[in-house]
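Visitor:
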Amino acid sequence: MNILKKNIETEMQNGNYHVALKRCIDFALNMPFTIEIKDVVLAMADSLNAEINNETINNQITLFFDIYERLNIQTNAEDSIVVDVQEISKRYNVGAFQFKPVSFQLKTGELTGIVGQNGNGKTTLLRMLCGDLMPWGGDIIYPELSLKNDPYAIKQYVGFIPQRIPKWYGKLEENLIFTLSGKGIPKDEILFRVEVMLKRLGLYQYRQHLWSEISSGYRTRFELARILLVKPKVLILDEPLANLDIMAQQTFLQDLKFMVKSEIYPMSIILSSQLLHEVEQVSDNVIFIKDGTCIFQNGKENNSETGVVEFITDNSFQQVSSIAMALGAEIKSESNFYTLSVPKSITSKQVLQSLIESDIDIQYFRNITNSTKRLF
Amino acid sequence: MLKKIIFPDFLAKLDRRLLLSSPLLWSSRLHHVAWFTLLAALFIAGVSMILPLRILSYDFIGFYWMMVSLIMIAGLIIWFVYLFRHNNTKQYGNRTLGREWLNLLYHYCSLVLISSVIFILPFVFLWRAHHKIEQSNLVEKVNILNVNSGFFPENEYSIRSFYESDDSMQTGVVLYGASAQMYYGNYTYRTLNKKLFDYDTISARFYRISGKAEIKTAIAQYLDVAKKEGITHSYSVDEIAALYDDTLGYQPSGNFEVANMQFNSQIKDVIDQPFDAFDYFGFVFEKLFFNVWLLIFLPILLLAISMFRNLSLKFFLIAIGVTIVLVIINAVILGITLDDSSNLTPYIVLPVFFIGWALFLLVVSIRIFSAKYYSAIEAYCLFLFNILLPLLPFVLTVCYVEYQIYEFRHNNTLEEHWIYYTRYTFYNSAHIATLLVFVLLQQLYFKPLYERLWALPKK
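Those protein sequence lines, which keep their order, are chains A and B.
Residue numbers 30 to 405, in the working numbering, belong to the letters of the first sequence in order.
Residue numbers 743 to 1201, in the working numbering, belong to the letters of the second sequence in order.
Written out as structure tokens, the structure is:
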């Protein structure tokens, strides 16, 4: 709760009242259902989609914390291993593609990103993790499942949102209600959770729409809403950013980062994306895949002896290479896109300063020393 | 207005209520099936009430079965596609054995409802026929017709006089009864007996022992009743009576025979209408029909739908392809074998053929249950195994009974034909055994089947 409170206070101090509301709602969706919670959370969800002044939002959040403290809810801050991948590999009957053996663990409270070029095995890995594909070798262990390799239980345990969202029929809201009503949850709670989730993800106005009537971005949101209502222990997302606009991408990633570290119901999230920097920004771990070979990077620190920066300029190669030589750097270029590998003693700030002092017109500059981009 | 009738408000409210309180029932769409079946039933019942009973003929019945079967099949396909698409249970459902059974029950009810539409017209016609028979004047007509059976030899109901006097005919009637019970059941037979013979207050004997005046009165009464129905005889009462005076020495003229036949034919048209309804539709009340339809055919269809519903479109298409191939192979093998054999061979070939298939599919089924992944073909074989195995008791019993019948076929004594008649009980036993095996197999198979086919990873 302290983490949440601190997080919300920071957001409110920065004037991000809507973000603070979202955090409260996400937290409330993991809390036990009560009438008091229902009223205040529904009010907050309404505020998300309306022009409400900051004072009202402030009052709503204060009331929410009051109720929360009275309910005295237990938090679960312990991280545990939810998926243990042991040397899994894959080979298809057709084609020469091979996914080479890889081992890693997924823990609650961690967000793992998978990056790599097209056709390198990202989706194959994700489908094996969710029990959709049979590994050719190795084993995947789900420690919290009592029956080992029970395919039915795995489907309940792991939530998977594929790149191409499977078509659903009927109305959007009906599908969400069915997701919960099949689990024996009381009617009031079902209606509450579905309504809040719809408002939280901006789907409320489309609740009576069919699949064919909403955009692919909203379809992704629907799938996320459905999975989050079910509350899996592991959430797997295959290219979830592909269907979202640039603003929604940032919001989506920040939301995931918050969800993964939920104090009541922490989960493990693993997602693949082509948007390397955005994913790396929010991920705790990154898996880089190239030609079916995985390189698992635990944490973001890189122990390499060199630092790497990339930049774009219209200046000539000779001008840039002379600066690189002066810095003792190795240079790679492709048209006006340059990559410099410099000794670790030279910081990216020093490289940028040298370029500016030499009157190089920089259009783009990024330090990729700790990024998997350098592995491409 | 039409939309309001087809999709009334209460249906939408019910839908919402079921979604929240009984999601499995909601997902099965039984409430929609029930409503649309009711609408279809009301429409067909209305049409059936308007149509005259005399419309019943082989041509009409053929046309009706074809049309209504097509409508029913279309309904089933729409329902199936709807379930296939709106398969919320597959996508989001919590699956337990209890829920699968409940799901099965809902689907079974839906199937019974959809398929029952085909029997609305028969039920209405039978009800109307019953109603008509209950009217005393019709019984009178029949009785009067019977008393005149000596004049009108085309009258089929005179069979009773033969039945009472001739032992060979008695055997024939027993055989006819057994045959009717075998293939159509005894409902029609019993109804005809009850309505005709029990009310036959003036039997054919009346004519033989009556005086001229009484006969003349009977003829007059008969023609009078016919006249009320709008049917008149070309000959008057006196002319007929005069002709009848000298029965032993009289040879009726050609003109009288033609006029008599026409009159008789018209009378029969009126009298036979309700009995045609029993002839054509009486089987719907039969135990055999219910056994086959409700306990064997529909559950198999249900199993097919349930399985397809839980699998992919790819599986469905493969299943159709494999089915066509299997039908061709079976037709060719059985066709060649049976065509080129003695009469006894079918009773040996058929069980061997079925057992062979069952064994083959058993091996495939064991394989899929021990495998770590599934292929669509293997899953389909498993499905076939589920269908074939319950049918084995039925097929084997039928073969055995048919073989017994073959042996008795050329014996004519009544006692032996009664033995033949009692074989009918074997069929009943076979139906019950088939049902039990079916239920038992589903109990064993459903959960693992669904779980594996739904959740197993792909190769």
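Just so you know, even glycine gets a beta-carbon here, dropped at the ideal spot from N, CA and C.
Along the beta strand (DSSP E) that carries Y393(A), what are the first and last residues, could you check?
Guide: It spans 391 to 396 - the beta strand (DSSP E) in which Y393(A) sits, taken as one unbroken run.
Visitor: Identify the continuous alpha helix (DSSP H) that holds N88(A) and give its terminal residues.
Guide: 83 to 100 is the span of the alpha helix (DSSP H), which, as asked, contains N88(A).
Visitor: Short check: CB of V380(A) to CB of T335(A), under 8 Å?
Guide: Against a cut-off of 8 Å, the Cβ pair of T335(A) and V380(A) comes out as no contact.
Visitor: Label F93(A) either buried or exposed according to how many other C-beta atoms from any shown protein chain fall within 10 Å of its C-beta, with 16 as the threshold for buried.
Guide: The residue is buried, with at least 16 neighbouring Cβ atoms inside 10 Å.
Visitor: Restricting to Cα atoms, I'd like to know which of L965(B), V1064(B), K969(B), L1040(B) is closest to V979(B).
Guide: Considering only alpha carbons, the answer is L965(B).
Visitor: May I ask you to report which of helix, strand or coil DSSP gives C323(A)?
Guide: C323(A) falls in the strand class under three-state DSSP.
Visitor: At 7 Å on the CB atoms, spell out the chain A contacts of S770(B), in chain order.
Guide: Neighbours of S770(B) on chain A: none; closest Cβ ~12 Å, over 7 Å.
Visitor: Is there at least one Cβ from chain B nearer than 8 Å to Y198(A)'s Cβ?
Guide: Yes, Y198(A) counts as interfacial toward chain B.
Visitor: Roughly how many angstroms separate the alpha carbons of A749(B) and I190(A), rounded to a whole number?
Guide: The sequence given here places Phe at residue 749(B); Ala does not occur at that position. Using only the alpha carbons, I get a separation of about 35 Å.
Visitor: How long is the line joining the alpha carbons of G188(A) and M163(A), rounded to whole angstroms?
Guide: Each residue's alpha carbon lies about 17 Å from the other.
Visitor: Leaving out five residues before and five after Q115(A) in sequence, what residues of the same chain have Cβ atoms less than 8 Å from its Cβ?
Guide: S132, G167, D168, I169, I170.
Visitor: If you count every other CB in all the chains shown that lies within 10 Å of the CB of E896(B), and 16 or more means buried, which is it?
Guide: Only weak support is given to the placement of E896(B): the predicted model assigns it a pLDDT of 31, under 50, and the value that follows is read from those uncertain coordinates. Exposed is the call here.
Visitor: I need the straight-line Cα distance from F126(A) to G321(A), nearest angstrom please.
Guide: Using only the alpha carbons, I get a separation of about 7 Å.
Visitor: Could you name the residues of the same chain whose beta carbon sits closer than 7 Å to that of S811(B), not counting the 5 residues immediately before and after it, in chain order?
Guide: The residues are I860.
Visitor: Hey, is the region 233 to 248 of chain A in contact with the region 788 to 801 of chain B, meaning 3+ C-beta pairs nearer than 8 Å?
Guide: With the cut-off at 8 Å, the region 233 to 248 of chain A and the region 788 to 801 of chain B do not touch.
Visitor: With S297(A) and L270(A) assumed to form a contact (beta carbons below 8 Å), what rounded beta-carbon distance in angstroms separates them?
Guide: Contact flag wrong, Cβ pair sits at about 19 Å.
Visitor: Taking the straight line between their C-alpha atoms, what separation do you get for Y1022(B) and L205(A)?
Guide: For Y1022(B) and L205(A), the distance between alpha carbons rounds to 50 Å.
Visitor: Please identify, using Cβ separations under 9 Å, the residues of the region 764 to 797 of chain B that lie next to chain A, in order along the chain.
Guide: From the region 764 to 797 of chain B, only S764, P765, L766, W768, S769 have a Cβ closer than 9 Å to chain A.
Visitor: Does G406(A) come within less than 8 Å of chain B when only Cβ atoms are used?
Guide: In the structure as shown, chain A begins at 30 and stops at 405. Residue 406(A) is therefore absent and cannot be evaluated.
Visitor: Counting only Cβ-Cβ distances shorter than 7 Å, please list the residues of the region 214 to 248 of chain A near chain B, keeping chain order.
Guide: Within the region 214 to 248 of chain A, the residues whose Cβ lies closer than 7 Å to some Cβ of chain B are K216, I219, listed in chain order.
Visitor: Taking the alpha carbon of L140(A) as the point to measure from, which residue in L266(A), S362(A), K184(A), K196(A) has its own alpha carbon closest?
Guide: The shortest C-alpha separation from L140(A) is found at L266(A).
Visitor: Quick one: Cα of T779(B) to Cα of L855(B), how far?
Guide: Going by the C-alpha atoms only, they are around 6 Å apart.
Visitor: By the DSSP assignment, the alpha helix (DSSP H) with G246(A) in it spans what residues?
Guide: That run of the alpha helix (DSSP H) goes 245 to 259.
Visitor: For the structure I just gave you, are there three or more beta carbon pairs, one from the region 863 to 870 of chain B and one from the region 779 to 791 of chain B, closer than 8 Å?
Guide: A contact exists between the region 863 to 870 of chain B and the region 779 to 791 of chain B.
Visitor: From what residue to what residue does the beta strand (DSSP E) around P372(A) run?
Guide: Segment 366 to 372, the beta strand (DSSP E) holding P372(A).
Visitor: On the three-state DSSP scale, how would you describe K119(A)?
Guide: K119(A): strand per DSSP, three-state reduction.
Visitor: For N845(B), does the count of other Cβ atoms within 10 angstroms reach 16, so buried, or fall short, so exposed?
Guide: Under this definition N845(B) is a buried residue.
Visitor: Any idea which residues DSSP pairs L300(A) with across the strands?
Guide: Paired residue(s): G142(A), L266(A).
Visitor: Rounding to the nearest angstrom, what Cα-Cα distance links V48(A) and G357(A) in this structure?
Guide: Near 45 Å, if we compare the C-alpha coordinates of G357(A) and V48(A).
Visitor: Count the other CB atoms, across all protein chains shown, that sit within 10 Å of the CB of K151(A); report buried if there are 16 or more and exposed otherwise.
Guide: With 16 or more other Cβ atoms within 10 Å, it is buried.
Visitor: What span of residues does the beta strand (DSSP E) with F340(A) cover, start to end?
Guide: 335 to 342 is the span of the beta strand (DSSP E), which, as asked, contains F340(A).
Visitor: By Cβ distance below 6 Å, which residues in the same chain neighbour N1(A) in space, the five residues on each side in sequence not counted?
Guide: Within the shown structure, residues of chain A are numbered from 30 to 405, placing residue 1(A) beyond reach of any answer.
Visitor: Could you tell me the distance, in whole angstroms, from the CA atom of Y848(B) to the CA atom of D284(A)?
Guide: If you take the alpha carbons of Y848(B) and D284(A), they lie about 41 Å apart.
Visitor: Using the rule of at least 16 other Cβ atoms within 10 Å of the residue's Cβ for burial, across every protein chain shown, is K745(B) buried or exposed?
Guide: Classification of K745(B): exposed, given that the 10 Å Cβ count is below 16.
Visitor: Name the one or two DSSP bridge partners that L158(A) has.
Guide: Answer is none; L158(A) lacks a bridge partner.
Visitor: Cβ of V69(A) within 8 Å of Cβ of Q89(A)?
Guide: Yes, Cβ-Cβ distance for V69(A) and Q89(A) is below 8 Å.
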